Amino acid sequence: MQQLFIDANRCIGCRACVEACSECPGHGGFSMIHLDEIARATTVQTAPTVCMHCDDPACASVCPADAIKLDPDGVVLSAAAERCIGCGNCALACPFGVPKIDVQRELMMKCDLCYDRTSVGKAPMCATVCPSGALFYGTQEEVEDRRRARPLDRFAFGEHVITTRNAVMVPAPTARFEVDVPHGATRSRAELMLEEALCD
Amino acid sequence: MAKPTASLDVLEDRHGPHLSYEPPGGFAARGEPDRKVKTHCCFCGQQCGVQLLVQNERVVGVEPWEDFPFNGGKLCPKGVKRYLQNNHQDRLLHPLVRSGDGFGRIPWDEALDQVAERIRRLQANHGVDSVAVLSGASLTNEKAYLMGKFARLAVGSRHIDYNGRLCMVAAGAANLKAFGIDRAANPWADIPSSDLVMVLGSNVSECSPITTDYIWRARDRGAKLIVVDPRLTPIARTADLFLPVRPGRDSALLNAILNVVIRLGGVDQEFVAAHTNGFDEVLRTVERYTPDAVAQEVGIPATRIIEAAEMWVQAPRTMLLHARGIEHHTKGVENVLACINLVLATGKIGKPGCGYATITGQGNGQGGREHGQRCNQLPGARDIENPAHRAHVAGMWGVEPDVLPGKGYTAPQIMEAIHRGEIRGLISLCFNPLVSLPDATFTREALERLDFYVAIDFFLSETARHADIVLPGSLQEEDEGTVTSAEGRVIRIRKAVEPPGEARADWRIVCDLAARLGQGERFAFSKPEEIFTELSRLSAGGVADYGGITWEKIERQMGVFWPCPTPEHPGTPRLFEGGRFAHPDGRARFHAVEYRPPAEVTDDDYPVVLTTGRVVSQFLSGTQTRRIGPLVEQYPEPRVEIHPKLAAKLGVADGERVRVTSRRGALELRALVVATIRPDTVFIPYHWPGALSANLLTNRAYDPIAGIPEFKVAAVRIEKLVADDRAAQTADERAVETEVPRAAAVH
Chain A
18 MQQLFIDANR
28 CIGCRACVEA
38 CSECPGHGGF
48 SMIHLDEIAR
58 ATTVQTAPTV
68 CMHCDDPACA
78 SVCPADAIKL
88 DPDGVVLSAA
98 AERCIGCGNC
108 ALACPFGVPK
118 IDVQRELMMK
128 CDLCYDRTSV
138 GKAPMCATVC
148 PSGALFYGTQ
158 EEVEDRRRAR
168 PLDRFAFGEH
178 VITTRNAVMV
188 PAPTARFEVD
198 VPHGATRSRA
208 ELMLEEALCD
Chain B
17 MAKPTASLDV
27 LEDRHGPHLS
37 YEPPGGFAAR
47 GEPDRKVKTH
57 CCFCGQQCGV
67 QLLVQNERVV
77 GVEPWEDFPF
87 NGGKLCPKGV
97 KRYLQNNHQD
107 RLLHPLVRSG
117 DGFGRIPWDE
127 ALDQVAERIR
137 RLQANHGVDS
147 VAVLSGASLT
157 NEKAYLMGKF
167 ARLAVGSRHI
177 DYNGRLCMVA
187 AGAANLKAFG
197 IDRAANPWAD
207 IPSSDLVMVL
217 GSNVSECSPI
227 TTDYIWRARD
237 RGAKLIVVDP
247 RLTPIARTAD
257 LFLPVRPGRD
267 SALLNAILNV
277 VIRLGGVDQE
287 FVAAHTNGFD
297 EVLRTVERYT
307 PDAVAQEVGI
317 PATRIIEAAE
327 MWVQAPRTML
337 LHARGIEHHT
347 KGVENVLACI
357 NLVLATGKIG
367 KPGCGYATIT
377 GQGNGQGGRE
387 HGQRCNQLPG
397 ARDIENPAHR
407 AHVAGMWGVE
417 PDVLPGKGYT
427 APQIMEAIHR
437 GEIRGLISLC
447 FNPLVSLPDA
457 TFTREALERL
467 DFYVAIDFFL
477 SETARHADIV
487 LPGSLQEEDE
497 GTVTSAEGRV
507 IRIRKAVEPP
517 GEARADWRIV
527 CDLAARLGQG
537 ERFAFSKPEE
547 IFTELSRLSA
557 GGVADYGGIT
567 WEKIERQMGV
577 FWPCPTPEHP
587 GTPRLFEGGR
597 FAHPDGRARF
607 HAVEYRPPAE
617 VTDDDYPVVL
627 TTGRVVSQFL
637 SGTQTRRIGP
647 LVEQYPEPRV
657 EIHPKLAAKL
667 GVADGERVRV
677 TSRRGALELR
687 ALVVATIRPD
697 TVFIPYHWPG
707 ALSANLLTNR
717 AYDPIAGIPE
727 FKVAAVRIEK
737 LVADDRAAQT
747 ADERAVETEV
757 PRAAAVH
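Line by line, the protein sequences are chains A and B. Heads up: take any position in the first sequence, counting from 1, add 17, and you land on the working numbering. Heads up: take any position in the second sequence, counting from 1, add 16, and you land on the working numbering.
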């Protein structure tokens, strides 16, 4: 199965994915990707948030209008325009913060894994253009063969475990993904990296 | 007097920059394209393959070109949104002539006649060299070649230079000295099989984003990464070793690394003996550059310098990549030579996965520096002062060698000569010096003193606002041609659409002008391919030998790496295999480099180092990218990056406005307080004009060999703006906007 692999460690924050997503036919200039600066004060770390396409998607479960459907390939689709009531429940429920409400259209729009492209065997637009390989589209064998980082598609939120179609790349052999989020008074990896490399 | 006759408000209202967000008719109107045109991005030297989508003879979008080998569909945000420069409301559609209130329309014939007449009149009164030509490294090879020929034969002036003077000349001069040829030694395809990638002065992730994936592919195999940069850039964040060098101290650092390499026994004695000259002097020179001796000056602990040397020695295959960060210096050539010394001493060049490259910055930064638009150069990367080279080119052009002018001024020297009244007329194409040259106040003064200025441009750039006549030229996607990418790969630029309105292909305009200047028969080209044929024939036998390259071959092979001397020759992706260098004796040259400080060092009045550079969403002087809405939104205005320690001393919080002042001028902008820059250094990106121009601060100090400006080091002071102060400065800003710049710039 072709999957999207997301490796925030490689992300350079260029927003090519965001811009490319808005160019996809059918998106009407609207991008379904969030590109987050994690904590610019202390690090240049950025991370793309793309739909993980959960096997049992919370966004669909909480939708009161039953507007969010899965296709047979396990792709969680944007809300059906004729059903969506723009309530935003999906945006609140998603553990990854993916769905966006297009206020003007009162419609939830989210990544549909570039149906136009993936249905004909091409990579989604974001993964096609990503200049760092932070977004990679291929099979698990391909990504494991090419890279040192390992894919992770199980996420535990307390007792609740979510499995996803797409995967996040984590440094092997760690099973936990870390970005440079500073906790409390501690310093970011980037901050320490610079300070330790400076003469007094 | 070439002073704009309309206020900035009026000029901006008529000519922009306005922001374009959508294809013509909006996204909803975009259907299946009528055709997809395989071409390349118009911006940086990576020259990513893209497909432009054309509908109803208009460019309406972009699609990745996944078959092009260099980028395989990968693009940065500029490449994705570059199509929005077409169909742009700011596009120049008619020839313009200066009027009492900005510009008025003028018919083509009248405009061209006036240009020729004014040029000839100036030359009759003040000599042939009183008119200069400025051109650019975003031009195709065909146009770059044409501009050199035009300046020397049609204008007859020795003063032609290009904006690559601000980009590639330090690396170029050093490569020529060391290797006898000026081109990336390895194709990018060698990067992934390297064991150690060392990146110096190159914010790869923002300035050449596609290179990021090449580096990561090496790291996926276990390669190490060393990054040398005063800022913790995105690629530096995950590096195995990060060396946050003080701006302007690179040659000392590199000498120290080589010092340790020698001590560790890392010298490839066999290679040095068989393939190089001059190592003994380098040996003697770097002896004094111990890590302890340089640590304070370069601002990096000795242990880190030793670690870098150890990693270099231990890696069987290394790739050393550098860019403007070590080249924009008064010792840019020396910094590059110090890199090359390290590569040569360890014999780490000319092999698969093992070599060296400067990361060329401009779209045709490589080809643009080979075909004769430089002040000291003739086509084929020939030397304008070499009698044999002159005779060859003169013969091909059908003139006596004496007819060819000699070496002219560099672009900054041209601006200085304009300022002092020696040069009175200017012809420009693809160059926006008011934004891109150091000391923008000086540049503005110079432009205002011109007797006559004709600009060929597609948008009215900040510089072109000073023109007497503006001729509407072509965007990259409106003409055929070739460029040579950072790898040395000659590739095809294809026309997607015709120039709009009365705009014309640049080469037609130049040929028409040449005809009016009495040289019509030497510029009787009917299509760009004919220019390429002449260029390739003329380059044959030169260093940059395109003799065996045709457009057909480029298309068939997805690009041809020069040198390619014969039709049967496949091209040369990797240089220096078997230790064969391009000097006549086949040997590379070491050059001992003594460290010397930057032209301007910090003191009590100006205690902070300013360094300048780029952001990923903008390109160079922003003539195109400041008109593309989604790119502008990514990074709307320049901010000054300040480390929290320095910010605390200044009492400045993130987002607050500060005034940054150098000996040349001052600008006000918001602070970006970040722990990702050296505490003794601040950074401002340079893509903006007027009161937001980083080049109000930079120093008119140049490398003595290459003439590249020291954009990367200036001394500044920073003050937090208080309310009263802000009001006063706003008045100054207004002064700048109404074209009275000195009041704002001198403090």
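All C-beta atoms in this analysis are idealised placements derived from N, C-alpha and C, irrespective of residue type, glycine included. For clarity, every value in this text was computed on a predicted model and none was experimentally measured.
- Nearest CB-CB separation between A/P148 and chain B: below the 7 Å threshold.
- Within the model, the alpha-carbon separation for B/A200 versus B/A339 is close to 11 Å.
- Using a Cβ-Cβ distance cut-off of 8 Å, the stretch 340-359 of chain B and the stretch 261-275 of chain B are in contact, since at least three pairs of beta carbons, one from each stretch, lie closer than that value.
- Taking the beta carbon of B/Q650 as reference, the chain A residues within 8 Å of it are R32, listed in sequence order.
- At a cut-off of 7 Å between beta-carbon atoms, B/G315 makes contact with chain A.
- Between B/T228 and chain A, the shortest Cβ-Cβ separation is below 7 Å.
- When A/A110, A/S136, A/V137 and A/R134 are compared, the shortest CA-CA separation from A/M125 is found for A/A110.
- Close partners of A/A214 in chain B (Cβ separation under 8 Å): F258, L259, P260, I316, P317 and R320.
- Within a 10 Å sphere around the beta-carbon of B/N219 sit 16 or more other beta-carbons, which makes this residue buried.
- The stretch 448-463 of chain B makes contact with the stretch 626-639 of chain B, as at least three CB pairs between them are under 8 Å.
- B/P260 is the residue among B/S36, B/P260, B/C60 and B/A234 whose C-alpha sits nearest the C-alpha of B/G315.
- Residues V451, R630, V631, Q634, F635, L636, S637, G638, T641, R642 and P654 of the same chain have their beta carbon placed closer than 8 Å to that of B/H703, with the five preceding and five following residues left out of the count.
- For the 7 Å CB-CB criterion, B/D455 and B/Y469 do not form a contact.
- From the beta-carbon of A/G138, no residue of chain B is found nearer than 7 Å; the closest lies around 12 Å away.
- Neighbourhood of B/T55 in chain A, by CB distance below 9 Å: empty, with the nearest CB roughly 16 Å away.
- Looking only at B/G534, B/T627 and B/G180, the smallest Cα-Cα distance to B/R168 is reached by B/G534.
- Per DSSP, B/E657 is not a residue of any alpha helix (DSSP H); the beta strand (DSSP E) it occupies stretches across R655 to I658.
- In the same chain as B/D117, and ignoring 5 residues on each side of it, the C-beta atoms closer than 8 Å to its own belong to T21, A22 and V26, in chain order.
- When rounded, the separation of the alpha-carbon atoms in B/T292 and B/R333 is 19 Å.
- By the beta-carbon neighbour count (other beta carbons within 10 angstroms, threshold 16), B/Q492 is buried.
- Taking 7 Å as the threshold, the shortest C-beta distance from A/A207 to chain B falls below it.
- In the structure shown, A/N183 falls within a strand segment according to DSSP collapsed to helix, strand and coil.
- In the three-state DSSP reduction, B/K364 falls in the coil class, being neither helix nor strand.
- The beta carbon of B/F43 falls within 7 Å of a beta carbon belonging to chain A, placing the residue at that interface.
- The beta-carbon of A/L87 is placed no less than 7 Å from the nearest beta-carbon of chain B.
- Around the CB of B/K19, fewer than 16 other CB atoms lie within 10 Å, so the residue is classed as exposed.
- Comparing alpha carbon positions, the residue from B/R532, B/G383 and B/W523 closest to B/E545 is B/W523.
- Residues of the stretch 40-70 of chain A with a C-beta less than 7 Å from any C-beta of chain B: E40, G45, G46, R57, A58, T59, T60, V61 and Q62, listed in chain order.
- Closest by C-alpha distance to A/R164, out of A/H70, A/I179, A/G155 and A/T181, is A/G155.
- Under DSSP, B/N357 shares a beta bridge with no residue.
- Contact note: B/D206 does not reach chain A at a C-beta cutoff of 9 Å; the least C-beta distance is about 18 Å.
- If you check the CB distance, B/D308 and B/A324 do not come in under 7 Å.
- For the stretch 253-293 of chain B, the full-length alpha helix (DSSP H) segments reaching 4 residues or more read 266-279 and 285-291 along the chain.
- Closest in alpha carbon position to B/L138, among B/A127, B/G172 and B/M163, is B/G172.
- Not one beta carbon of chain A lies nearer than 7 Å to the beta carbon of B/P417.
- For the C-beta of B/R694, the chain A residues within less than 9 Å are, from N- to C-terminus, L211 and L215.
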